[in-house]
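Visitor: Top to bottom, those sequences are chains A and B. Take 13 as the starting number for the first sequence in my numbering and just add one per residue. Take 13 as the starting number for the second sequence in my numbering and just add one per residue. Glycine included, each C-beta is placed from N, C-alpha and C at the ideal position.
2 protein chains.
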Amino acid sequence: MPKQSAPDETCGLRERKKRETRRALHHAALDLVDDKGYAAVTTEAIAERAGVSARTFFNYFSSKESAVLGVTGDQLAETTAAIAGRPEGEPPLVSLRLVLGELLAPASADRDLRAKRRRILLAEPALAPALVGNNILFENAVTAALERRLGVRPGSSIEARVTVAAAIGAVRACIEHQQNGGSGRLERNIELAFEQLAAGLR
Amino acid sequence: MPKQSAPDETCGLRERKKRETRRALHHAALDLVDDKGYAAVTTEAIAERAGVSARTFFNYFSSKESAVLGVTGDQLAETTAAIAGRPEGEPPLVSLRLVLGELLAPASADRDLRAKRRRILLAEPALAPALVGNNILFENAVTAALERRLGVRPGSSIEARVTVAAAIGAVRACIEHQQNGGSGRLERNIELAFEQLAAGLR
DNA sequence: TGCAATTTTGCAGTGACTGCATAAATACTC
DNA sequence: GAGTATTTATGCAGTCACTGCAAAATTGCA
């Protein structure tokens with residue numbers, strides 16, 4: 013019997029279990045943090061609620077932050093692929109807005125999960141940097157992907173990198189704006205922020 | 013006898029000793045990191061080289077990163093004051109470039125120290141975020157200062173915050189560009205980056 | 001000199017994170 | 001279905017950043 017070839021299927025039992033464990037850890041992290049606050053939750057508690065050992069936690073997530081945000085290792089590859097897949101003539105800033113927006117509210121997650129994740133992200137100052145703005149690997153990868161798409165030699169100019177950093181900064185600024193009780197809705201503010209970047213700063 | 017009133021003097025013995033201890037810790041941190049790399053240096057080692065106890069280290073710096081970068085608590089106040097002190101009509105982006113540049117290479121430090129600090133900053137990927145881009149308090153303070161100077165109500169729009177985030181991102185991008193072996197000189201790239209922000213991103 | 005305020009230090013602890021070795025589970029082969 | 005190879009889970013011991021607390025040392029002041 014040949015293996016199924018549906019686009020996103022889970023063939024082996026092993027693979028399925030791994031996904032389930034990762035999901036359980038992520039959910040446990042979200043629930044606990046939602047309940048007690050980020051600082052009051054230990055990785056041990058997350059592991060326990062997910063039904064795995066404390067050590068296993070770190071087999072799935074490299075840090076407490078990434079467990080809460082549900083950031084996996086191959087998200088990097090997905091993001092660069094997403095950038096590479098944007099239409100040829102699209103302005104980089106538009107590609108970045110879409111791709112970063114997907115990071116903020118992953119389409120893969122169901123409605124409840126997204127809502128909870130968003131609530132936590134906007135409530136915990138410690139998390140925004142972890143999602144956006146504190147990941148050098150991420151910035152490097154996105155910059156490289158953008159340079160590739162634009163057909164420029166990597167590192168030959170700072171342009172792509174500055175664009176990436178500004179875009180990430182804009183998203184982060186909107187999150188922090190929200191955290192500080194600023195006006196407006198998050199999505200709308202992100203639009204405005206990118207318009208501001210496009211129009212040129214004073 | 014009234015206390016002296018020179019602008020930046022060190023009157024009491026106590027004050028002098030504190031400054032000296034802070035300086036010793038910062039220098040020790042720079043030397044050790046320059047020698048062995050950031051990850052291989054412990055706060056204990058820094059304290060020992062500076063001639064104080066391990067516990068005292070944390071009386072002076074809130075983290076290992078801040079000891080290496082020499083970031084003190086009142087730097088925040090200095091930065092906001094610097095922003096407030098910029099001339100009225102100056103474009104925010106210009107003020108930010110100058111103030112952030114000062115963060116990068118403090119005029120207070122002597123030539124040797126600045127060189128060493130710069131070398132380490134460009135060699136250690138872990139440090140750039142710590143200096144620029146990972147400090148929520150810093151971003152909040154600078155944003156507030158900018159809003160005050162522009163005379164807008166804090167949090168009424170995202171504009172100031174986005175400008176701050178983009179400016180910080182630009183500096184950080186230039187540092188990372190350098191770290192990745194990119195072209196050009198740091199200072200020149202920073203100029204270019206700010207020009208790019210001013211011209212508007214695509 | 002003697003008292004008050006500040007600073008230093010030691011101590012004990014928490015918690016994130018890691019390497020390593022072993023046990024358990026799953027995949028694969030005959 | 002048994003046996004073997006490969007992954008994955010777990011326990012253990014350890015490192016290190018960072019913290020609170022209370023006692024000791026230092027400095028400022030009257």
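By how many angstroms is the C-alpha of residue 102 of chain B removed from the C-alpha of residue 136 of chain A?
Guide: 35 Å
Visitor: Does DSSP put residue 114 of chain B in a helix, a strand or coil?
Guide: If DSSP states are grouped into helix, strand and coil, residue 114 of chain B belongs with the helices.
Visitor: I need the straight-line Cα distance from residue 92 of chain A to residue 60 of chain B, nearest angstrom please.
Guide: So the two alpha carbons sit approximately 45 Å from each other.
Visitor: Mind listing the chain A neighbours of residue 105 of chain B? Cutoff is C-beta to C-beta under 7 Å, in chain order.
Guide: 213 and 214
Visitor: Taking residue 78 of chain B as the reference, which of B:58, B:163, B:109 and B:202 has the closest Cα?
Guide: B:58
Visitor: Please list the partners that residue 204 of chain A has in chain B, where partner means a Cβ-to-Cβ separation under 7 Å.
Guide: 170
Visitor: Just reading off the alpha helix (DSSP H) that residue 121 of chain B is part of, what are its end residues?
Guide: Premise fails: residue 121 of chain B is in no alpha helix (DSSP H) and is neither H nor E.
Visitor: Please look up how many angstroms separate the CB atoms of residue 45 of chain A and residue 95 of chain A, rounded, as I've assumed it's under 8 Å.
Guide: Wrong, their Cβ atoms sit about 30 Å apart, outside the cutoff.
Visitor: With a cut-off of 8 Å, does the C-beta of residue 197 of chain B fall near any C-beta of chain A?
Guide: no
Visitor: Any Cβ of chain B within less than 8 Å of the Cβ of residue 23 of chain A?
Guide: With its beta carbon at least 8 Å from every one in chain B, residue 23 of chain A lies outside the interface.
Visitor: According to the neighbour-count rule (16 or more other Cβ atoms, all chains shown, within 10 Å of its Cβ), is residue 110 of chain B buried or exposed?
Guide: exposed
Visitor: Give the single residue among A:140, A:149 and A:167 whose Cα lies nearest to the Cα of residue 149 of chain B.
Guide: Here the closest residue by C-alpha is A:140.
Visitor: Assuming contact is defined by CB atoms lying nearer than 8 Å, are residue 216 of chain B and residue 177 of chain A in contact in what I supplied?
Guide: This structure cannot settle anything about residue 216 of chain B, because the visible part of chain B is limited to 13 through 214.
Visitor: Kindly say whether residue 95 of chain A, judged by its beta-carbon, lies nearer than 8 Å to any beta-carbon of chain B.
Guide: no
Visitor: For the ligand PLP, is there any heavy atom lying closer than 7 Å to the beta carbon of residue 73 of chain B?
Guide: Of the ligands one can find in the structure shown there are none, so the ligand PLP has no counterpart to examine.
Visitor: Which chain A residues sit within Cβ distance under 9 Å of residue 239 of chain B?
Guide: The structure shown has nothing for residue 239 of chain B, since chain B only spans 13 to 214.
Visitor: Between the Cα of residue 35 of chain A and the Cα atoms of A:24, A:81, A:47 and A:67, which residue gives the shortest distance?
Guide: A:81
Visitor: Hey, how far is the Cα of residue 39 of chain B from the Cα of residue 117 of chain A?
Guide: Between residue 39 of chain B and residue 117 of chain A, the C-alpha separation is close to 44 Å.
Visitor: Is the Cβ of residue 193 of chain A closer than 8 Å to any Cβ of chain B?
Guide: yes
Visitor: May I have the straight-line CA-CA distance separating residue 147 of chain A from residue 56 of chain B, to the nearest angstrom?
Guide: 27 Å
Visitor: Whose CA, out of A:48, A:214 and A:194, lies closest to the CA of residue 132 of chain A?
Guide: A:48
Visitor: Can you tell me which of the three DSSP states residue 136 of chain A falls into?
Guide: coil
Visitor: Checking contacts by CB at 8 Å: is residue 99 of chain A closer than that to chain B?
Guide: Residue 99 of chain A does not count as touching chain B.
Visitor: Can you find a C-beta in chain B that's less than 8 Å from the C-beta of residue 163 of chain A?
Guide: Judged by the 8 Å Cβ criterion, residue 163 of chain A is not in contact with chain B.
Visitor: State yes or no: is the beta carbon of residue 113 of chain A nearer than 8 Å to at least one beta carbon in chain B?
Guide: no
Visitor: Can you give me the start and stop residues for the alpha helix (DSSP H) that residue 73 of chain A sits inside?
Guide: Careful: residue 73 of chain A lies outside any alpha helix (DSSP H) and carries neither H nor E.
Visitor: My output table needs one value for residue 84 of chain A: the three-state DSSP class, helix, strand or coil.
Guide: coil
Visitor: Taking the C-alpha atoms as reference points, what is the distance between residue 15 of chain B and residue 30 of chain B?
Guide: In this predicted model, residue 15 of chain B has a pLDDT of only 33, less than 50, meaning its place in the structure is not dependable; the value taken from the coordinates is given anyway. So the two alpha carbons sit approximately 18 Å from each other.
Visitor: Can you look up residue 181 of chain B in the DSSP assignment and give me helix, strand or coil?
Guide: helix
Visitor: So residue 151 of chain B contacts chain A; which residues on that side make the cut at Cβ distance below 9 Å?
Guide: 184, 185 and 188
Visitor: Taking the straight line between their C-alpha atoms, what separation do you get for residue 52 of chain A and residue 169 of chain B?
Guide: 32 Å
Visitor: Look at the Cβ atom of residue 181 of chain B, then the Cβ atom of residue 180 of chain A, and state whether they are nearer than 8 Å.
Guide: Taking 8 Å as the Cβ cut-off, residue 181 of chain B and residue 180 of chain A qualify as a contacting pair.
Visitor: In terms of residues, what are the limits of the alpha helix (DSSP H) holding residue 55 of chain A?
Guide: 55-62
Visitor: CA-CA distance, residue 123 of chain B and residue 54 of chain B?
Guide: 26 Å
Visitor: Would you mind working out which of B:120, B:188, B:86 and B:209 sits nearest residue 138 of chain B, comparing C-alpha positions?
Guide: Ranking B:120, B:188, B:86 and B:209 by Cα distance to residue 138 of chain B puts B:188 first.
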